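Colleague: Shown below is the structure under consideration.
There are 2 protein chains.
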Amino acid sequence: MTDLSSDPLRPHEQAVPLPAAFDAQLWFIGRIRTPWTQRGQCPRRGDPVEGPECRIELFEPWTPGLTGIQRHDHVQVLYWMDRARRDLVQQNPNYGDRATGTFALRSPVRPNPVASSVVRLLAVEGPVLIVRGLDCLDGTPLVDIKAEFGNTR
Amino acid sequence: MTDLSSDPLRPHEQAVPLPAAFDAQLWFIGRIRTPWTQRGQCPRRGDPVEGPECRIELFEPWTPGLTGIQRHDHVQVLYWMDRARRDLVQQNPNYGDRATGTFALRSPVRPNPVASSVVRLLAVEGPVLIVRGLDCLDGTPLVDIKAEFGNTR
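Going down the list, the protein sequences come from chains L and F.
59 is the number that full-length UniProt numbering gives to position 59 of the first sequence; each next residue is one higher, with no gaps.
124 is the number that full-length UniProt numbering gives to position 124 of the second sequence; each next residue is one higher, with no gaps.
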């Protein structure tokens with residue numbers, strides 16, 4: 001992870017010292033391919049209807065986990081915002097006159113930078129899902145895919 | 001984490017060898033308190049309308065991250081299913097005649113056991129959120145809370 005903790009804060013933002021030890025660990029189970037290579041290009045929120053087609057590429061040994069996924073119109077995707085700093089508890093994304101708590105935002109800047117989007121599943125091509133509705137940089141690590149039902153998002 | 005990888009498989013289930021090295025790490029930022037102390041008691045899915053009130057307790061130093069969260073009727077909660085095995089790519093939750101891929105399910109059994117629920121936010125009491133709509137065991141570790149907007153769940 002890039003260490004961004006020395007980046008300057010915006011007015012009203014608050015950073016905290018990070019805990020010394022982690023509590024749990026993740027594997028990256030795949031990679032997300034999108035048209036966006038710089039953070040400024042990413043949409044603020046993915047659009048499952050009008051957004052561009054993106055690819056979710058599963059790594060081995062996880063590909064048998066896709067069996068049956070084509071029965072779902074929508075899936076939830078969890079991914080790792082590996083470029084975001086993790087020490088801000090209050091943020092000021094619009095340079096306003098006050099800060100908002102990290103947990104009252106969906107910013108990638110958060111203690112555990114796991115992003116979540118519900119995407120439309122267009123096609124399954126072997127170990128690759130073609131979807132609409134993502135918002136992240138090309139190359140973003142994949143953490144999970146879950147069947148999506150209307151009431152559990 | 002309890003090692004459950006030697007538990008017997010159900011018919012049609014498939015386990016894979018786990019990767020040697022992890023790719024990313026999490027902090028547990030709080031703890032979830034629910035009425036359920038055994039897995040068999042947990043509902044299959046949380047109910048934000050009729051489900052019981054549950055508590056989400058934030059740890060320090062993260063509590064300033066709640067500023068402004070009371071403006072949201074619903075929040076998304078990510079939590080760590082620390083009792084689930086991580087090596088199954090195909091599962092048979094109903095002992096049926098075939099398996100379903102892990103990514104076509106919402107089972108806690110998955111490579112990265114991060115669960116996600118959208119809950120109704122009833123009250124904020126200092127570092128504690130009172131919510132309805134969870135489905136997990138009492139004591140479940142908290143990974144993230146995000147503002148919830150209808151179209152991003």
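All C-beta atoms in this analysis are idealised placements derived from N, C-alpha and C, irrespective of residue type, glycine included.
In this text the structure is predicted, and so the values were computed from the model without any measurement.
As an exercise, report each continuous alpha helix (DSSP H) stretch of at least 4 residues that is fully enclosed by the UniProt domain "TsaA-like" (26 to 153) of chain F, in chain order.
Modeller: Segments of the alpha helix (DSSP H) lying fully in the UniProt domain "TsaA-like" (26 to 153) of chain F: there are none.
Colleague: Taking a contact to mean a Cβ-Cβ separation below 7 Å, would you say F:Pro48 touches F:Val114 in this structure?
Modeller: No, Cβ-Cβ distance for F:Pro48 and F:Val114 is not below 7 Å.
Colleague: By DSSP's criteria, L:Ala24 is part of a beta bridge. Which residues make up the other side?
Modeller: In the DSSP output, where bridge partners are listed per residue, L:Ala24 has F:Leu26.
Colleague: Give, in chain order, every residue of the stretch 51 to 63 of chain L whose Cβ lies closer than 7 Å to some Cβ of chain F.
Modeller: Result list: Pro61 and Trp62.
Colleague: In chain order, what residues of the same chain have a beta carbon less than 8 Å from the beta carbon of F:Val143, not counting five sequence neighbours either side?
Modeller: Excluding residues within five positions, the ones whose Cβ falls inside 8 Å are Leu26, Phe28, Ile29, Leu78, Tyr79, Trp80 and Val114.
Colleague: Take the Cβ of L:Gln106 as the centre, count every other Cβ of all protein chains shown within 10 Å, and call the residue buried at 16 or more, exposed below.
Modeller: Looking at the sequence itself, residue 106 of chain L is Arg, so the reference to Gln does not match. By the 10 Å Cβ count, L:Arg106 comes out buried.
Colleague: In chain L, what lies closer than 8 Å to F:Ile29 by C-beta?
Modeller: Ordered by position in chain L, the residues that pass the 8 Å Cβ test against F:Ile29 are Pro111 and Asn112.
Colleague: If the cut-off is 9 Å on Cβ atoms, which residues from the stretch 15 to 46 of chain L count as contacting chain F, listed in chain order?
Modeller: Correct list: Val16, Pro17, Leu18, Pro19, Ala21, Phe22, Asp23, Ala24, Gln25, Leu26, Trp27, Phe28, Ile29, Arg45 and Gly46.
Colleague: Indicate whether the contact test is met: 3 or more Cβ pairs, each with one atom in the stretch 88 to 96 of chain L and one in the stretch 128 to 141 of chain F, closer than 8 Å.
Modeller: The stretch 88 to 96 of chain L, when compared against the stretch 128 to 141 of chain F, does not touch it at the 8 Å Cβ threshold.
Colleague: In whole angstroms, what separates the C-alpha of L:Val124 from that of L:Ser117?
Modeller: Approximately 18 Å between the Cα atoms of the pair.
Colleague: Measure the Cβ-Cβ separation of L:Ile69 and F:Gly101 and say whether it is below 7 Å.
Modeller: Going by C-beta atoms, L:Ile69 is nearer than 7 Å to F:Gly101.
Colleague: Rank F:Leu122, F:Leu129, F:Pro111 and F:His12 by C-alpha distance to the C-alpha of F:Ala20 and give the top, closest one.
Modeller: Comparing Cα-Cα distances from F:Ala20 to each of F:Leu122, F:Leu129, F:Pro111 and F:His12, the minimum goes to F:Pro111.
Colleague: Is L:Ala147 closer than 7 Å to F:Ala104 when the C-beta atoms are compared?
Modeller: Yes. Within cutoff.
Colleague: Let me see if you follow: with CB-CB separation under 7 Å, is F:Ser107 close to chain L or not?
Modeller: Output row for F:Ser107: interface = no.
Colleague: At the level of alpha carbons, what is the spacing between L:Leu9 and L:Ala84?
Modeller: Going from the Cα of L:Leu9 to the Cα of L:Ala84 covers about 13 Å.
Colleague: Classify F:Thr37: buried if its beta carbon has 16 or more other beta carbons within 10 angstroms, exposed otherwise.
Modeller: Classification of F:Thr37: exposed, given that the 10 Å Cβ count is below 16.
Colleague: For F:Gln74, go through chain L and note every residue whose CB falls closer than 7 Å to its CB, in chain order.
Modeller: It should be noted that the sequence gives His, not Gln, for residue 74 of chain F. Neighbours of F:His74 on chain L: none; closest Cβ ~10 Å, over 7 Å.
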